[in-house]
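Colleague: Using my numbering, you'd call the opening residue of the sequence shown number 171 and step up by one each time.
Got a structure here, written out as structure tokens. Questions coming.
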Amino acid sequence: MSNAKDAAPRLFSGVGIAGAFAGFVLIGALQALYGPAIPAVRAAHGVSPAVAGLALSAHFVGGLLGVMAFHLAGGRIGNRVLLGWSYVAMAVGAAVFAAAPQWPVALLGAFVAGLGYGAIDYGLNYLFAIGFGARSPAMLNLLNAFFGVGSILAPAVLAQLGPEGYTRVFFVFALASAAVVVLVRGVREQRVGIGPTAAVDRSTHLRSRGIAITGAFIVLYVLNMGVESGAGGWEPTHLTSVGYTVGAATTATAVYWLMMTVGRFLVAPLTLRWSEQTILTGSCVGMAVCLALAVVPPLAPFAYAGLGLFIAPVFPTGLPWLHRLVPDARRAGAYVIAASMLGGVASPPLLGIGIELASATSVPIVLFGLNALCLVAIWWVLRRSRSTAGTKETAVRRGRIPWRWPRSPAAAAGRGGGPRTRAWRSR
């Protein structure tokens, strides 16, 4: 008898899921700690603002290498071992950054912590995308919502202690990262087999389509991260340019990040009813409406809050869709997540140049243009995926891949509610 749930490898126990959520709280906290700590870092090491900003750059360079390291080592080293060493790297790097007597050593600590950050970010996103079947979009949204929890809590704690307390916060972070290592025992080492359908997808024709779709997802994620980080970085500038006080603009920006976290919790149950492409399209359309409303000064703070709500599902919901469409999903996911990190780093300064050439009031207009290109990328992926589906149907008719007796839509989605049916091979 076939069961839809059997198609999803069971990679996490309850302990493993709890450890993954804790890990994303930690990486969210780590990324958010560098900015508020910069004043005290400058005082401790006697560096300029630009040089102090290299700590975040070193973190993201380490993050990119961590993504690729997890991807390349994933076929030879177990997921549990890789995640364990990633948490150790974060713990060691954070401790070195806090205790470094000289600035180059502190940069090395940020780089090592970034290695662990990138490996955990990619590794858990990838494993959640393949480990829960039809529930993967919901679980990915929950996972990334906990990233937002960390990014909100850590700066709040540092604000209470004052910037000079950054060493204590980083040491506590290091201890917490080391403690989470024990929870990786809940990650199972089950390998994902390559079914007959995947074998057909390795043909030259479909492999080229996979490369094209991966490229479109890279464009989508770079642009979307540009909107996300651009709005978070330039919203205060825009709001103050249209008459809001600095305090009001800062509060509105905090609400934007809060709504992004809330949005991921809210969308999780919706992913069990609607497809990934429907949620992505609806999110980008909602973002377009919010950015258009942000041009009107009295509505701008509320529009940015709505933008955070709509942008929330894009990153976590797109990954399961990518893994369904692309044969070599592991490699595609590594490229897409790495590209999203590059987009988050490069977009704010590039947007700053564009805004400097125009004016601060053009922020929502520039972001609207980037989001419109996201919609174009989604439309292109939809066209390609329909074409790929047609090619697979042709292969079924020619007997090149197995054919399964159709099940009820609920059972096919892995949600129960339909009879279990026997799989038959066409002759």
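Glycine is no exception: its CB is placed at the ideal position from the N, C-alpha and C atoms.
If the criterion is Cβ atoms closer than 8 Å, does the pair Leu-278 and Phe-298 meet it?
Modeller: Indexing the sequence shown from 1 puts residue 278 at position 108. Indexing the sequence shown from 1 puts residue 298 at position 128. It is not a contact, given that the beta carbons lie outside the stated cut-off.
Colleague: How is Val-357 classed by DSSP in three states: helix, strand or coil?
Modeller: Working through the sequence shown from its first residue, we reach residue 357 at position 187. Three-state DSSP puts Val-357 in a strand.
Colleague: What does DSSP give as the partner residues of Phe-182 in its beta bridges?
Modeller: Locating residue 182 in the sequence shown gives position 12, counting from the first residue. Answer is Val-357, bridged to Phe-182.
Colleague: So what's Tyr-414 in DSSP terms, helix, strand or just coil?
Modeller: Here residue 414 is taken as the residue at index 244 of the sequence shown, counted from 1. Correct three-state label for Tyr-414: coil.
Colleague: Anyone know if the C-beta pair for Thr-423 and Gly-452 falls short of 8 Å?
Modeller: Here the question's residue 423 lines up with position 253 in the sequence shown. Here the question's residue 452 lines up with position 282 in the sequence shown. Their beta carbons are not under 8 Å apart, which means Thr-423 does not touch Gly-452 by this criterion.
Colleague: Using C-beta distances below 6 Å, list every residue in its chain close to Ala-315, excluding the 5 sequence neighbours before and after it, in chain order.
Modeller: For this step, residue 315 is matched to residue 145 along the sequence shown. Thr-431, Arg-434, Phe-435.
Colleague: Taking the beta carbon of Pro-219 as the centre, do at least 16 other beta carbons fall within 10 Å, making it buried, or is it exposed?
Modeller: Taking the first residue of the sequence shown as 1, we reach residue 219 at position 49. Per the 10 Å Cβ criterion, exposed.
Colleague: Going along the chain, which residues of its own chain have a beta-carbon closer than 6 Å to the beta-carbon of Met-309, five neighbours each way excluded?
Modeller: For this step, residue 309 is matched to residue 139 along the sequence shown. Cβ within range, chain order: Phe-298, Phe-302.
Colleague: Is it true that the segment 469-477 meets the segment 401-415, where meeting means three or more beta-carbon pairs spaced less than 8 Å apart?
Modeller: Counting Cβ pairs under 8 Å, three or more are found: they touch.
Colleague: Could you tell me which of Met-429, Leu-540, Ala-346, Ala-190 sits nearest to Tyr-292, measuring between CA atoms?
Modeller: In the sequence shown, residue 292 corresponds to position 122, counting from 1. Checking every option, the nearest Cα to that of Tyr-292 belongs to Ala-190.
Colleague: Where does the unbroken alpha helix (DSSP H) through Leu-328 begin, and where does it stop?
Modeller: Translated into positions along the sequence shown, residue 328 becomes position 158. Start and end: 306-331.
Colleague: Just tell me which of Tyr-257, Tyr-426, Ala-243, Val-357 has its CA closest to the CA of Val-351.
Modeller: Here residue 351 refers to the residue found at position 181 when the sequence shown is read from its first residue. Ranking the options by Cα distance to Val-351, first place goes to Tyr-257.
Colleague: Looking only at its own chain, which residues have a Cβ that is under 6 Å from the Cβ of Phe-240, when we skip the five neighbours before and after it?
Modeller: Counting from one through the sequence shown, the residue named residue 240 turns up at place 70. Around Phe-240: Leu-252, Ala-289, Tyr-292, Gly-293.
Colleague: Hey, out of Gly-380, Ile-507, Glu-359, Val-496, whose CA is closest to Ile-602's CA?
Modeller: Coverage of the chain is limited to positions 171 through 597, which leaves residue 602 absent and any answer about it impossible.
Colleague: For the alpha helix (DSSP H) holding Ile-300, just list the boundary residues, first then last.
Modeller: By one-based count along the sequence shown, residue 300 stands at place 130. Start and end: 273-301.
Colleague: Using a Cβ-Cβ cut-off of 8 Å (strictly less than) and excluding sequence neighbours within five positions of Leu-181, which residues of its own chain qualify?
Modeller: One-based indexing of the sequence shown puts residue 181 at position 11. Cβ neighbours of Leu-181 beyond the five flanking positions: Asn-249, Leu-297, Ile-300, Gly-301, Val-357, Arg-358, Gln-360.
Colleague: Check whether the segment 330-340 touches the segment 220-229, counting contact only when three or more Cβ pairs, one atom from each stretch, lie closer than 8 Å.
Modeller: Counting Cβ pairs under 8 Å, fewer than three are found: no touch.
Colleague: Is Gly-478 buried or exposed, if buried means 16 or more other CB atoms sit within 10 Å of its CB?
Modeller: Residue mapping note: residue 478 aligns to position 308 of the sequence shown, counting from 1. Gly-478 is buried by the Cβ-count criterion.
Colleague: What residue ranges within the segment 209-262 form continuous beta strand (DSSP E) runs of no fewer than 3 residues, ordered along the chain?
Modeller: Counting only runs of 3 or more, we get nothing.
Colleague: To the nearest angstrom, how far is the alpha carbon of Ala-348 from that of Leu-328?
Modeller: As a first step, residue 348 is located in the sequence shown; it is residue number 178 there, counting from the start. As a first step, residue 328 is located in the sequence shown; it is residue number 158 there, counting from the start. If I take the Cα positions, the gap works out to 20 Å.
Colleague: Decide if Arg-529 is buried, meaning its Cβ has at least 16 other Cβ atoms within 10 Å, or exposed.
Modeller: Residue 529 sits at position 359 when you count from the first residue of the sequence shown. The residue asked about is misnamed: residue 529 is Ser in this sequence, not Arg. Ser-529 comes out exposed.
Colleague: For Leu-527, does the count of other Cβ atoms within 10 angstroms reach 16, so buried, or fall short, so exposed?
Modeller: For the purposes of this step, residue 527 is taken as residue 357 along the sequence shown, with counting starting at 1. Its Cβ having fewer than 16 others within 10 Å, Leu-527 is exposed.
Colleague: Among Gly-233, Leu-353, Thr-337, which one has its Cα closest to the Cα of Gly-254?
Modeller: Counting from 1 along the sequence shown, the entry for residue 254 is found at position 84. The residue with the shortest Cα to Cα distance from Gly-254 is Leu-353.
Colleague: With 16 as the cutoff for other CB atoms within 10 Å, does Trp-427 come out buried or exposed?
Modeller: As a working mapping, residue 427 is identified with position 257 in the sequence shown. Its Cβ being crowded by 16 or more others within 10 Å, Trp-427 is buried.
Colleague: Secondary structure at His-493, three-state DSSP: helix, strand or coil?
Modeller: Stepping through the sequence shown from its first residue, residue 493 is reached at position 323. Note: His-493 maps to helix in three-state DSSP.
Colleague: Considering only residues of the same chain and omitting the five flanking positions on each side of Ala-324, which have a CB-CB separation below 6 Å?
Modeller: Taking the first residue of the sequence shown as 1, we reach residue 324 at position 154. Closer than 6 Å at Cβ, skipping near neighbours: Ala-199, Ala-202, Leu-203.
Colleague: So what does DSSP say about Pro-486, is it helix, strand or coil?
Modeller: In the sequence shown, residue 486 corresponds to position 316, counting from 1. Correct three-state label for Pro-486: helix.
Colleague: Can you tell me which of the three DSSP states Trp-444 falls into?
Modeller: By 1-based counting over the sequence shown, the position of residue 444 is 274. Coil, per DSSP.
Colleague: Taking the alpha-carbon positions, what's the Val-221 to Gly-232 distance?
Modeller: As a working note, residue 221 is residue 51 in the sequence shown. As a working note, residue 232 is residue 62 in the sequence shown. Approximately 17 Å, taken between the alpha carbons.
Colleague: Out of Val-437, Tyr-505, Gly-205, point me to the one whose CA is closest to Phe-480's CA.
Modeller: Start at 1 with the first residue of the sequence shown, and residue 480 comes out as number 310. Closest by alpha carbon: Val-437.
Colleague: List the whole-angstrom C-beta distance separating Asn-295 from Ile-525, where the pair is believed to meet the contact cut-off of C-beta under 8 Å.
Modeller: For the purposes of this step, residue 295 is taken as residue 125 along the sequence shown, with counting starting at 1. For the purposes of this step, residue 525 is taken as residue 355 along the sequence shown, with counting starting at 1. Not quite, the Cβ-Cβ distance comes to about 31 Å (not below 8 Å), so this is no contact.
Colleague: Can you give me the start and stop residues for the alpha helix (DSSP H) that Val-350 sits inside?
Modeller: As a first step, residue 350 must be located in the sequence shown, where it is residue number 180. Taken as a continuous stretch (DSSP letters only), the alpha helix (DSSP H) holding Val-350 covers 336-350.
Colleague: So what does DSSP say about Ala-464, is it helix, strand or coil?
Modeller: In the sequence shown, the residue the question calls residue 464 occupies position 294. Three-state result, Ala-464: coil.
Colleague: My output table needs one value for Trp-594: the three-state DSSP class, helix, strand or coil.
Modeller: Sequence index remark: in the sequence shown, residue 594 carries index 424 (1-based). Low local confidence applies: a pLDDT of 29 at Trp-594 is under 50, so the model's placement there is unreliable, with the coordinate-based value given in what follows. Of the three classes helix, strand and coil, the one that applies to Trp-594 here is coil, per DSSP.
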